[in-house]
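Have a look at the structure below, then the notes.
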Amino acid sequence: MNYKLLTPGPLTTSETVKKAMMVDHCTWDNDYKVITQKIRKDLLELANASEENYTVVLMQGSGTFGVESVITSSVGKEDKLLICENGAYGKRMKDITEHAGINSVVYSEPFNMIPDAAKIDEILKNDPEITHVSMVHSETTSGILNDIESVAKVVKGHGKTFIVDAMSSFGGVVIDMDKLGADFMISSSNKCIQGVPGFSFIIARKDALKACEGKARSLSLDLYDQFKTMNIDGKWRFTSPTHVVLAFAQAIEELKAEGGIQKRYERYLNNNRTLIAKMEELGIKTYIDIDHQSPIITTYLYPEIHNYSFEEMYEYIKERGYAIYPGKVTEADTFRIGNIGEIYEEDMIKLAEIIKEFMEVKANEQ
Ligand SMILES: *Cc1c(COP(=O)(O)O)cnc(C)c1O
């Protein structure tokens, strides 16, 4: 049965994005290399990153491969990384450094609070050994949107390298790299650009990327080597996910046709706020307060109804055309609903009706 994904990626893609994959390409042919180069150029534009200061590197694998590539290629043996964390994806960065034997410290906030630029300023003042700072933009764990602008100011003010995991926000929230001045921004093919899973991409400041030369702990995730090969003429260093690349190129065209990132943001925000309002009417509350709620994915607290079961609700909704997402925060019983991908206001209205129906069914069981 076909159902729409209300998950933060893989997500529901358009027919035309799926159809773009019906072509087999060889990896060294010029037709294909041109597509890679076009994607790199388009991503720079979408990020408002000037060609003078920034470049784009594509990396095989899921989003985590991109984060691991940046951390293990940029944080050298003499360096120390400060990880600002308020969710599972921040914690995963710590895991990456432990696997690679990279010196790191963690600054944690509860999952419903954002990392605070003033606290980061203090930490940097007290620990001059720190050379790099990393943070997640949209913490998909909870749906909170972190303030990368204020943190970037502090980090760059201290002259440190700033790494941003913008996996679930880039393409759905406007990010201005020239203004932000971040050194590495990571996202992946299967989130707000609305492509299919298979690679991540890194928007890198050229000087910060150059500083990675010879530092990588891994061969296949060596960001600088990947760049060096790709920058010649668009040929990837090792076999690339050719069909995924074609789908991604099509997805970028569709993002432009929608009117760019600002327009997509408005659609996502409308989806998100429409559903939150409808859920509120049903007495279902969000975990994150509205000021910090991202337009991407929302964590909802379990409704207070007799015999509530997430599994039962999940199946009920799935049979009616939508897949929702289990919760991931640890201190509360929650579920999550993503609103990115080929998802529109009518889907949110339909979903709220299905949930309302489900709650009526449960009420009648009493
Ligand atoms: C999706 C996501 C990732 C990457 O996860 P993968 O499963 O490796 O694709 C990393 N960070 C955030 C914030 C994400 O939403």
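So the sequence shown is residues 1 to 366, counted in full-length UniProt numbering. Backbone N, C-alpha and C fix where the C-beta goes; we use that ideal spot for every residue, glycine too. Bear in mind the structure is a predicted one, so any value in this text is a computation, not a measurement.
Starting from residue i and walking both ways along the alpha helix (DSSP H), at which residues does that stretch end?
{"i": "residue 387", "result": "Outside the displayed span of the chain (1 to 366) sits residue 387, for which this structure offers no information."}
{"i": "residue 258", "result": "242-258"}
{"i": "residue 122", "result": "117-126"}
{"i": "residue 297", "result": "Per DSSP, residue 297 belongs to no alpha helix (DSSP H); it is in the beta strand (DSSP E), 297-301."}
{"i": "residue 93", "result": "88-100"}
{"i": "residue 178", "result": "177-180"}
{"i": "residue 23", "result": "It is not in any alpha helix (DSSP H) - residue 23 carries neither H nor E in the DSSP assignment."}
{"i": "residue 230", "result": "223-233"}
{"i": "residue 209", "result": "206-210"}
{"i": "residue 150", "result": "148-157"}
{"i": "residue 412", "result": "Any question about residue 412 goes unanswered here, given that the chain covers just 1 to 366."}
Within 10 Å of its beta-carbon, does residue i have 16 or more other beta-carbons around it, so buried, or fewer, so exposed?
{"i": "residue 203", "result": "buried"}
{"i": "residue 236", "result": "buried"}
{"i": "residue 118", "result": "exposed"}
{"i": "residue 89", "result": "buried"}
{"i": "residue 126", "result": "exposed"}
Consult DSSP for residue i and reduce its assignment to one of helix, strand or coil.
{"i": "residue 322", "result": "strand"}
{"i": "residue 336", "result": "strand"}
{"i": "residue 36", "result": "helix"}
{"i": "residue 215", "result": "coil"}
{"i": "residue 47", "result": "coil"}
{"i": "residue 348", "result": "helix"}
{"i": "residue 274", "result": "helix"}
{"i": "residue 131", "result": "coil"}
{"i": "residue 316", "result": "helix"}
{"i": "residue 310", "result": "helix"}
{"i": "residue 83", "result": "strand"}
Residue i to residue j, Cα distance in whole Å?
{"i": "residue 135", "j": "residue 162", "result": "8 Å"}
{"i": "residue 311", "j": "residue 205", "result": "45 Å"}
{"i": "residue 272", "j": "residue 265", "result": "10 Å"}
{"i": "residue 62", "j": "residue 365", "result": "43 Å"}
{"i": "residue 243", "j": "residue 124", "result": "44 Å"}
Considering only heavy atoms of ligand 1, does any lie closer than 8 Å to the CB of residue i?
{"i": "residue 191", "result": "yes"}
{"i": "residue 172", "result": "no"}
{"i": "residue 67", "result": "yes"}
{"i": "residue 95", "result": "no"}
{"i": "residue 241", "result": "no"}
The beta strand (DSSP E) that contains residue i, what's its start and end?
{"i": "residue 55", "result": "54-60"}
{"i": "residue 104", "result": "104-108"}
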